[in-house]
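A.B. asks: Handing you this structure, nothing more for now.
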Amino acid sequence: MKGWKGIVVVAITLWISAALQQSMVNRLSLFGMEPDFLLISLACLAMFYDRSGACIIGFLTGALYGAIDFANLTHYVISRTTAGFCAGWSKELNLQGTILVAAVTTALTTVFARLVQMFLVPPSLITPFLGATIRTAVYNGVLAVPVYLLLKRVMGPSPR
C-alpha cells in the first residue's frame, strides 16, 4: 500500500501498538508468555509492503520500542529493521495472504528479531531467554490473526 492512506495506517497501527506495549503487556501475560505488540504490528504490516517499506516500518518499530524502554536504541533498531527486511522479503515466496501465513510470519519474525537482539545484547542466561522467545513467538502468532484481519480490511488484500 502506497500513498497517504498507507502512511496513516502505519502511523496509527504503530501508535496503538506502542500504547498497548507500554500499558497492557503485564496484564495480558499468560503462563510466562508476554505479547510483543510492536513485533506483531511489524510482521502484519510487512505483509503489505516490499522489503524497503518493511525496513522503514522495522526502523520505526525499533525506535518506538527503544523510546518506550528508555534504552539504547541501537539494538532495537537493528533487530527490528532486519526483521522487517526479512518479513518483507517473504513476499517473494508468492504465498497467498491468509491468517495462517500471518500467524507463521509473525512467529518467525518474532524469533528472528529476538535472536538478533540476543546477539547484539547477550542476556545473562540464554536458556530462559530462548524459552521466553519461543513462548512470545507463539503468543504473537495467535494475536496476529485479528491484527492481520483488521489490516486486511483497512488496507485491502495483501499483494502476495
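The sequence shown begins at 37 in our numbering and counts up by one. Where a beta carbon is used, it is the ideal one built from N, C-alpha and C, also for glycine.
Taking the alpha carbon of residue 46 as the point to measure from, which residue in 60, 68, 150 and 79 has its own alpha carbon closest?
C.D. replies: Minimum Cα-Cα distance from residue 46 among the listed residues 60, 68, 150 and 79 corresponds to 79.
A.B. asks: State yes or no: is the C-beta of residue 127 within less than 8 Å of the C-beta of residue 72?
C.D. replies: For residue 127 and residue 72, no; Cβs fall outside 8 Å.
A.B. asks: Report, in whole angstroms, the separation of the C-beta atoms of residue 98 and residue 109, which I expect to be a contact under 8 Å.
C.D. replies: 7 Å
A.B. asks: Can you name the residues that DSSP bridges to residue 225?
C.D. replies: Any property of residue 225 remains undetermined from this structure, which presents the chain solely from 37 to 196.
A.B. asks: Would you kindly report the start and end of the unbroken alpha helix (DSSP H) that includes residue 41?
C.D. replies: In the DSSP assignment, residue 41 falls within the alpha helix (DSSP H) that extends over 40-59.
A.B. asks: Taking the alpha carbon of residue 182 as the point to measure from, which residue in 77, 43, 145 and 124 has its own alpha carbon closest?
C.D. replies: Ranking 77, 43, 145 and 124 by Cα distance to residue 182 puts 77 first.
A.B. asks: Could you check which residue in 171, 43, 104 and 190 has the C-alpha nearest to that of residue 142?
C.D. replies: 171
A.B. asks: So, under 8 Å CB-CB, residue 149 and residue 116 are touching, yes? Tell me the CB distance rounded to an integer number of Å.
C.D. replies: 6 Å
A.B. asks: Could you pull out every residue in the same chain whose Cβ sits closer than 7 Å to the Cβ of residue 58, ignoring the five residues on either side in sequence?
C.D. replies: Here the set comprises 104.
A.B. asks: Residue 179: buried (16+ other C-beta within 10 angstroms of its C-beta) or exposed?
C.D. replies: Looking at its Cβ environment, which holds 16 or more other Cβ atoms inside 10 Å, residue 179 is buried.
A.B. asks: Between the C-alpha atoms of residue 147 and residue 192, what's the straight-line distance to the nearest angstrom?
C.D. replies: 27 Å
A.B. asks: Using the three-state DSSP reduction, which class does residue 84 fall into: helix, strand or coil?
C.D. replies: coil
A.B. asks: With distances taken between CB atoms, is the gap from residue 156 to residue 93 smaller than 8 Å?
C.D. replies: Not a contact, by the Cβ cut-off of 8 Å.
A.B. asks: Any idea if residue 53 is buried or exposed, counting beta-carbon neighbours within 10 angstroms, 16 or more meaning buried?
C.D. replies: buried
A.B. asks: Along the alpha helix (DSSP H) that carries residue 242, what are the first and last residues, could you check?
C.D. replies: Outside the modelled stretch of the chain, which goes from 37 to 196, sits residue 242, for which no answer is possible.
A.B. asks: If contacts are defined as beta-carbon pairs under 8 Å, then residue 101 and residue 66 qualify, I think. What distance do you get, rounded to the angstrom?
C.D. replies: Actually they are not in contact, since the Cβ atoms of residue 101 and residue 66 sit about 21 Å apart, beyond 8 Å.
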